[in-house]
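A.B. asks: This is the structure I want to talk about, given as structure tokens.
There are 2 protein chains.
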Amino acid sequence: MNAEQLIAKHAARLDRAATACRTRECWSPFPELPGKLPDAERVQREGKAAFEAHLGRPFALDQPGEIGRLGEEVSPYTGAPLGIDYPHADLDALFTAARRSIDTWAAAAPALRTGVLMEVIDRLYARVIEIAHAVMHTAGQSMNMSFAGSGVNALDRGIEALVYARDALGAVATGARWERRFGPATITLDKTYRLVPRGVAVCFTCASFPTWNAWPSMMASLATGNAVIVKPHPATVLPMAITVQVFRSVLAEAGFDPNLVTLALDSTAEPIGMKIVKHPDCAIVDFTGSVRFGQWVEKNAHPALAFTETAGVNTVVIDSCDDLDAMCRSLATTLCMFSAQMCTSPQNIYLPATGVRVGCGADARTVAADEVARNLAAAVAALVEEPRKAAMILATIQSPQSLALIAQLRDAGNKRGRVLLDSRSYPHPEWPDARTATPLMLAVSTAERDLYGEERFGPISFCITTRDAADALDQATRDVKEFGGLTAFLYSTDEATIERAEAAYARAGAQLTINLTGPMPLNFAAAYSDYHVTGLNPAGNASLTDLAFVASRFRIVQSRRPAPATA
Amino acid sequence: MNAEQLIAKHAARLDRAATACRTRECWSPFPELPGKLPDAERVQREGKAAFEAHLGRPFALDQPGEIGRLGEEVSPYTGAPLGIDYPHADLDALFTAARRSIDTWAAAAPALRTGVLMEVIDRLYARVIEIAHAVMHTAGQSMNMSFAGSGVNALDRGIEALVYARDALGAVATGARWERRFGPATITLDKTYRLVPRGVAVCFTCASFPTWNAWPSMMASLATGNAVIVKPHPATVLPMAITVQVFRSVLAEAGFDPNLVTLALDSTAEPIGMKIVKHPDCAIVDFTGSVRFGQWVEKNAHPALAFTETAGVNTVVIDSCDDLDAMCRSLATTLCMFSAQMCTSPQNIYLPATGVRVGCGADARTVAADEVARNLAAAVAALVEEPRKAAMILATIQSPQSLALIAQLRDAGNKRGRVLLDSRSYPHPEWPDARTATPLMLAVSTAERDLYGEERFGPISFCITTRDAADALDQATRDVKEFGGLTAFLYSTDEATIERAEAAYARAGAQLTINLTGPMPLNFAAAYSDYHVTGLNPAGNASLTDLAFVASRFRIVQSRRPAPATA
């Protein structure tokens with residue numbers, strides 16, 4: 010395929026995606042479930058086989074600077090090492106190769122770069138089942154979530170980043186004829202505007218949800234002409250190694266230097282995070298991961314740009330509702346989803362001591378905060394009672410540290426509050442050695458803020474009783490401002506309360522979902538429609554996806570000269 | 010005027026400016042010379058009187074937190090203090106007032122905010138002569154430059170920032186209806202997207218060119234819903250005090266809190282720069298000034314965003330030219346313009362030891378580097394020989410420190426190179442006590458890089474002989490990358506050399522002007538057409554004006570809720 014063909018092949022889909030970004034309507038070119046793939050059975054069989062072929066083998070990645078091999082992944086489903094090793098690359102060699110790769114790429118027309126990257130989307134999609142299995146056996150997600158959240162939705166977020174990059178690049182004229190009088194003379198200049206990439210971007214990916222942030226970040230950096238070095242969490246490498254492999258092969262086929270995308274792996278014992286951020290050639294950092302390192306990156310990346318998504322305490326405010334059971338079911342589902350190992354999972358649930366008004370009109374009644382908490386705990390317990398259903402929704406626990414944290418907080422809860430629902434391991438019906446835990450729910454007062462005043466990663470939540478609904482909103486939004494927060498959830502049948510909450514959460518910078526019940530997971534974030542992270546609180550400084558996510562990844566350099574004299 | 014009328018009043022001009030930003034053609038709604046103002050004579054007389062009315066008086070600025078009065082301005086033209094004092098405000102009081110002012114402003118429609126700010130442009134324009142005199146007697150510019158560079162061009166840069174802010178804000182939908190199937194059910198959500206400002210912006214302005222960077226920065230922050238505290242250099246307060254007064258009165262007339270714009274003055278003895286940047290309510294910093302403090306701001310502003318323009322060494326590479334005299338005249342003019350106290354003034358002039366090829370074809374000859382340098386020095390000398398002409402172009406020296414620096418570098422030049430052209434004071438024909446200095450030009454070799462390897466603020470330049478033209482380009486672009494650089498100038502009749510230079514300066518990140526001769530000042534930067542600062546080298550991280558200059562000054566916060574059931 011030549012350049013024109015590549016651009017033409019993907020133009021319609023990119024235009025359609027641009028429309029969706031503008032209208033924020035629901036759209037995706039991909040099916041939401043693996044069973045809905047064309048030729049689903051064969052594709053699923055072959056994808057699984059492709060994943061299994063990686064196990065116990067060196068991963069083939071022909072990139073520069075290999076000084077050894079690394080690999081320490083362990084499946085949360087089997088408890089066994091994946092036995093895959095990857096290149097351990099010399100950092101300087103990667104940066105040098107990346108730097109050298111940029112000039113040709115940056116000189117290509119933005120439309121060609123976007124075309125090449127849309128081709129990457131297609132190729133990742135072709136390997137989506139293999140990638141989903143890789144996510145499952147590293148991050149610990151269920152197959153359906155791996156496919157949707159770490160597969161097709163992540164691809165959608167990638168396309169979305171390309172739309173914004175195209176907009177930002179397209180806003181700059183390529184040249185101009187400029188003419189003005191200076192005194193008696195007229196000066197006519199021809200001006201040329203070049204879009205110059207910042208240089209080498211580094212993309213950190215996290216252990217529990219690697220592709221969803223990585224793909225849009227990589228697309229944003231590459232579309233604007235930069236090279237990308239991927240630095241995966243050592244626990245979750247395979248999805249990113251496959252990603253790097255796909256980018257490299259598509260870039261090479263299109264005639265570009267594959268070293269535009271490389272993998273920089275480290276080990277838990279010898280992390281390279283700080284070194285890579287402070288490397289003199291590091292020009293952009295995309296970081297998803299812990300608050301602590303994310304804050305370090307924001308403070309220390311200079312002169313590199315930093316785009317971060319870390320974590321926070323996502324809050325729920327319950328004022329009143331139409332249907333107590335429906336609300337509890339929805340909240341319970343979200344508390345269970347992937348064992349709350351998502352940056353969008355709620356943690357702090359605020360309940361007014363004055364009670365929750367349920368229903369309206371003559372049927373309205375006030376339910377005590379305690380009873381609401383018990384109902385919620387019962388809804389969670391019901392969801393995870395049956396191992397097959399538990400497996401579907403909870404999946405596994407990515408890190409053994411989460412189990413230790415559950416134990417620690419159970420103790421604290423017993424001492425300083427009450428355990429509303431205890432956590433236990435559940436037997437996974439297909440994977441007997443899976444690392445599992447049902448949700449731990451604690452009831453505490455606002456005096457125990459040190460317990461819930463930070464992200465407690467994993468299936469841990471707090472029901473916190475406040476003076477009244479107004480206090481609940483105050484407490485919740487204060488948490489967000491102080492500790493960060495991405496999502497927020499409100500139940501209220503009172504429009505004035507809703508309006509106040511919308512304003513308060515807007516100031517705090519959390520994306521608010523109001524009165525949602527039914528089958529949609531409360532924390533579901535749709536590409537092209539839902540903005541992810543506001544940048545207004547410590548949970549991260551970058552948003553998927555707005556113009557700010559792409560606009561500073563390239564710069565404009567001009568040259569100007571007298572226009573040739575006309576004959 | 011109500012909101013609709015205000016928006017309608019300015020719509021056509023803003024649309025016209027948007028077209029210019031897109032095409033990068035030459036456009037301005039303002040005349041370039043004070044004499045071309047409508048009713049010029051009266052307007053100039055009244056503007057001068059308005060300026061003079063400030064002298065020796067307290068400046069009326071009814072803003073909160075006044076704890077005393079400050080004022081230490083001295084006119085570079087008269088050597089006498091202006092005798093104006095301004096409020097010395099308590100920082101916490103300013104931040105608190107600014108924070109309180111934001112909500113109503115942020116809730117206003119973006120189009121209304123833009124309309125109000127276009128009205129500010131009109132009101133600043135109405136006081137442009139008064140402002141020009143204020144710039145003259147603080148920054149030391151000539152009347153014509155004050156009017157053009159610090160008056161109408163600065164207004165153009167302000168309008169340009171409004172265009173980009175409008176684009177970035179307008180790219181976000183205000184709401185959406187989103188509908189998707191989840192299993193057997195359909196979920197329909199109404200989504201609302203709010204544009205939320207970051208908070209309180211601080212705008213640092215410099216002593217020598219205050220309004221040109223300040224107005225676009227203020228417009229960018231305010232249009233996106235933020236408040237602005239202006240922190241002027243204590244030597245150049247009056248232009249910014251008038252600015253703050255104009256913003257405040259227009260905001261108040263439009264029904265907004267005037268504390269959206271306030272003035273935070275400090276003194277040379279007790280600077281507040283670091284304190285204001287590290288204030289917990291500081292959300293955005295715009296900084297124009299020294300490299301040292303600018304770098305500190307970039308590194309330490311977090312969590313505030315930093316937009317900087319500092320300085321660098323602007324370079325000239327002379328390879329070959331058609332007309333030696335025309336080239337030398339143009340370079341000489343630019344070396345003299347406002348005594349090279351502009352961030353765009355050239356400093357390091359690279360000449361090949363192999364000589365400069367002049368003319369083409371049979372008439373071509375090679376002129377020794379030394380002779381070119383002597384010609385250039387002669388062209389400068391000719392420009393400043395006659396006091397009246399010198400006054401027009403050199404104006405005055407803003408800071409006594411520049412005179413000390415000239416003396417220091419004259420000594421160094423005598424010891425380590427050669428003084429090509431010595432600096433002297435020239436007698437200003439209208440202002441006998443004016444602080445003046447003609448340009449100092451030194452000839453040095455590349456061994457003296459420590460002399461020219463940083464910005465030497467004021468009328469100081471270096472002719473540096475290199476091995477050949479290729480070496481000249483290498484040296485020059487290395488300077489830019491290492492020490493920063495905003496503008497660059499090339500003379501070459503060879504297209505291959507031009508192409509190499511364009512690529513090299515694009516990588517280094519300096520805006521390149523090629524082979525320009527004639528009446529246009531080489532370092533003239535046109536709003537709507539010329540990008541100012543690339544952000545690719547230490548001379549600053551922000552560009553006037555691209556989407557990146559505005560896109561991150563606001564964030565997007567959404568709320569979503571089930572759509573009302575249809576009847």
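Residue numbers (the numbering used here), protein chains in the order written: chain A, 10 to 576; chain B, 10 to 576.
Glycine included, C-beta positions come from ideal geometry on N, C-alpha and C.
Just so you know, these numbers come straight off a predicted model, no measurement behind them.
#1: Below 8 Å on the Cβ atoms is my guess for D165(B) versus Y435(B); work out the distance and round it to an integer in Å.
#2: Give me the chain B residues within the contact set of M529(A), using Cβ-Cβ distance strictly less than 7 Å, ordered along the chain.
#3: Between the alpha carbons of G518(A) and L482(A), how many angstroms are there, rounded?
#4: Please classify F302(B): does DSSP put it in a helix, a strand, or coil?
#5: Would N524(A) pass as an interface residue toward chain B - the criterion being a Cβ-Cβ separation below 8 Å?
#6: Taking contact to mean at least 3 C-beta pairs separated by less than 8 Å, is the segment 121 to 138 of chain B in contact with the segment 192 to 211 of chain B?
#7: May I ask which residues mark the beginning and end of the beta strand (DSSP E) holding V237(B)?
#8: What residues from chain B crowd round Y500(A), counting only those whose CB sits closer than 9 Å?
#9: For R374(B), write down the residues that DSSP places opposite it in a beta bridge.
#10: Is the beta carbon of R569(B) less than 8 Å from the beta carbon of I523(A)?
#11: Using 10 angstroms around the beta-carbon of N11(A), count the other beta-carbons present and answer buried if the total reaches 16, otherwise exposed.
#12: Suppose only complete runs of 4+ residues qualify. What are the alpha helix (DSSP H) ranges in the segment 273 to 351 of chain A, listed by chain order?
#13: At a CB-CB cut-off below 8 Å, which residues of chain A make contact with I565(B)?
#14: Interface residues of chain B around C35(A) at Cβ under 7 Å?
#15: Compare the Cα-Cα distances from I76(A) to each of A107(A), D94(A), M154(A) and report the closest residue.
#16: Spell out whether any CB of chain A is found under 8 Å from the CB atom of H19(B).
#17: If we define contact as Cβ-Cβ less than 8 Å, is G518(A) a contact residue for chain B?
#18: Would the segment 96 to 114 of chain A count as touching the segment 24 to 40 of chain A if we require 3 or more Cβ pairs under 8 Å?
#19: Could you tell me which residues DSSP pairs with H541(B) in its beta bridges?
#20: Would you mind working out which of I293(B), A143(B), Q14(B) sits nearest F558(B), comparing C-alpha positions?
#21: Please classify L482(A): does DSSP put it in a helix, a strand, or coil?
#22: Would you call the segment 545 to 562 of chain B in contact with the segment 292 to 307 of chain B, where contact means no fewer than 3 C-beta pairs closer than 8 Å?
#23: Using CA coordinates, which residue listed in V137(B), A98(B), R397(B), S37(B) is at the minimum distance from Q53(B)?
#24: Return the first residue and the last residue of the beta strand (DSSP E) that N357(A) is part of.
#25: Just curious, the alpha helix (DSSP H) that V125(A) is in, first and last residue?
#26: Identify whether F68(A) lies in helix, strand or coil by the three-state DSSP scheme.
#27: Restricting to Cα atoms, I'd like to know which of I238(B), K284(B), G282(B), T277(B) is closest to I271(B).
#28: Look up Y500(A) in the DSSP assignment and give the residues it is bridged to.
#29: So, do the segment 226 to 244 of chain B and the segment 274 to 284 of chain B have three or more beta carbon pairs nearer to each other than 8 Å?
#30: With a threshold of 8 Å between beta-carbons, can R25(B) be considered close to chain A, or not?
#31: Please list the residues of the segment 409 to 429 of chain B that have a C-beta atom closer than 9 Å to any C-beta atom in chain A, keeping them in chain order.
#32: If I follow the unbroken beta strand (DSSP E) through L5(B), where does it start and stop?
#33: Cα-Cα, which of V326(B), R301(B), V325(B) is closest to T317(B)?
#34: For H311(A), would you say it is in contact with chain B, using Cβ-to-Cβ distances shorter than 8 Å as the test?
#35: Is the segment 212 to 227 of chain A in contact with the segment 96 to 104 of chain A, if contact means three or more CB pairs nearer than 8 Å?
#36: Let me see if you follow: with CB-CB separation under 8 Å, is R570(A) close to chain B or not?
C.D. replies: The short version:
#1: By one-based count along the second sequence, residue 165(B) stands at place 156. By one-based count along the second sequence, residue 435(B) stands at place 426. Rounded, the Cβ-Cβ distance is 32 Å, inconsistent with contact.
#2: Taking the first sequence and counting its residues from 1, one reaches residue 529(A) at position 520. Neighbours of M529(A) on chain B, chain order: F191, I196.
#3: The sequence position of residue 518(A) within the first sequence is 509, counting from 1. The sequence position of residue 482(A) within the first sequence is 473, counting from 1. Rounded to the nearest angstrom, the two C-alpha atoms are 14 Å apart.
#4: Along the second sequence, read from residue 1 onward, the residue named residue 302(B) stands at position 293. It is helical.
#5: Mapped onto the first sequence, residue 524(A) falls at position 515. Chain B contact via Cβ: present.
#6: no
#7: Here residue 237(B) is taken as the residue at index 228 of the second sequence, counted from 1. Taken as a continuous stretch (DSSP letters only), the beta strand (DSSP E) holding V237(B) covers 236 to 241.
#8: Your numbering for residue 500(A) matches position 491 in the first sequence. Per Cβ cutoff of 9 Å: no residues; Y500(A) is ~10 Å from chain B at best.
#9: Position 365 of the second sequence, counted from the start, is the residue given in the question as residue 374(B). DSSP, once it has assigned bridges, lists V367(B) as partnering R374(B).
#10: Sequence index remark: in the second sequence, residue 569(B) carries index 560 (1-based). Sequence index remark: in the first sequence, residue 523(A) carries index 514 (1-based). Their beta carbons are under 8 Å apart, which means R569(B) touches I523(A) by this criterion.
#11: In the first sequence, counting from the first residue as 1, residue 11(A) sits at position 2. When all chains shown are included, N11(A) counts as exposed.
#12: 282 to 286, 300 to 309, 333 to 345
#13: Position 556 of the second sequence, counted from the first residue, corresponds to residue 565(B). Within chain A, the residues near I565(B) are Y540, T543, S552, D555.
#14: Translated into the one-based positions of the first sequence, residue 35(A) becomes position 26. The contacting residues are W187, E188, R189.
#15: Looking up residue 76(A) in the first sequence gives position 67. Among A107(A), D94(A), M154(A), the Cα nearest to that of I76(A) belongs to D94(A).
#16: Residue numbering aside, residue 19(B) sits at position 10 when the second sequence is read from its first letter. Chain A, which has no Cβ nearer than 8 Å to the Cβ of H19(B), makes this no.
#17: As a working note, residue 518(A) is residue 509 in the first sequence. It does: the Cβ of G518(A) has a partner Cβ on chain B nearer than 8 Å.
#18: no
#19: Counting from one through the second sequence, the residue named residue 541(B) turns up at place 532. In the DSSP output, where bridge partners are listed per residue, H541(B) has L553(B).
#20: The residue you call residue 558(B) lines up with position 549 of the second sequence. Per the Cα distances, I293(B).
#21: Position 473 of the first sequence, counted from the first residue, corresponds to residue 482(A). Three-state DSSP puts L482(A) in a helix.
#22: yes
#23: Translated into the one-based positions of the second sequence, residue 53(B) becomes position 44. Checked all of V137(B), A98(B), R397(B), S37(B); the closest Cα to Q53(B) is V137(B).
#24: For the purposes of this step, residue 357(A) is taken as residue 348 along the first sequence, with counting starting at 1. Counting along the chain, the beta strand (DSSP E) containing N357(A) begins and ends at 355 to 361.
#25: On the first sequence, residue 125(A) is found 116 positions in, with the first residue counted as 1. It spans 119 to 135 - the alpha helix (DSSP H) in which V125(A) sits, taken as one unbroken run.
#26: Counted from its first residue, the first sequence places residue 68(A) at position 59. Three-state DSSP puts F68(A) in coil, outside helix and strand.
#27: The count along the second sequence starts at 1 and reaches residue 271(B) at position 262. Correcting the residue type first, residue 271(B) is Thr in the shown sequence and not Ile. Minimum Cα distance to T271(B) is reached at I238(B).
#28: Numbered from its first residue, the first sequence carries residue 500(A) at position 491. Beta-bridge pairing links Y500(A) to I327(A).
#29: yes
#30: One-based indexing of the second sequence puts residue 25(B) at position 16. For R25(B), the answer is no, since every Cβ of chain A falls outside 8 Å of its Cβ.
#31: none
#32: Here chain B comprises residues numbered 10 to 576, so residue 5(B) is not present and cannot be evaluated.
#33: As a first step, residue 317(B) must be located in the second sequence, where it is residue number 308. It is R301(B).
#34: By one-based count along the first sequence, residue 311(A) stands at place 302. Judged by the 8 Å Cβ criterion, H311(A) is in contact with chain B.
#35: no
#36: Taking the first residue of the first sequence as position 1, residue 570(A) is located at position 561. Yes, contact with chain B.
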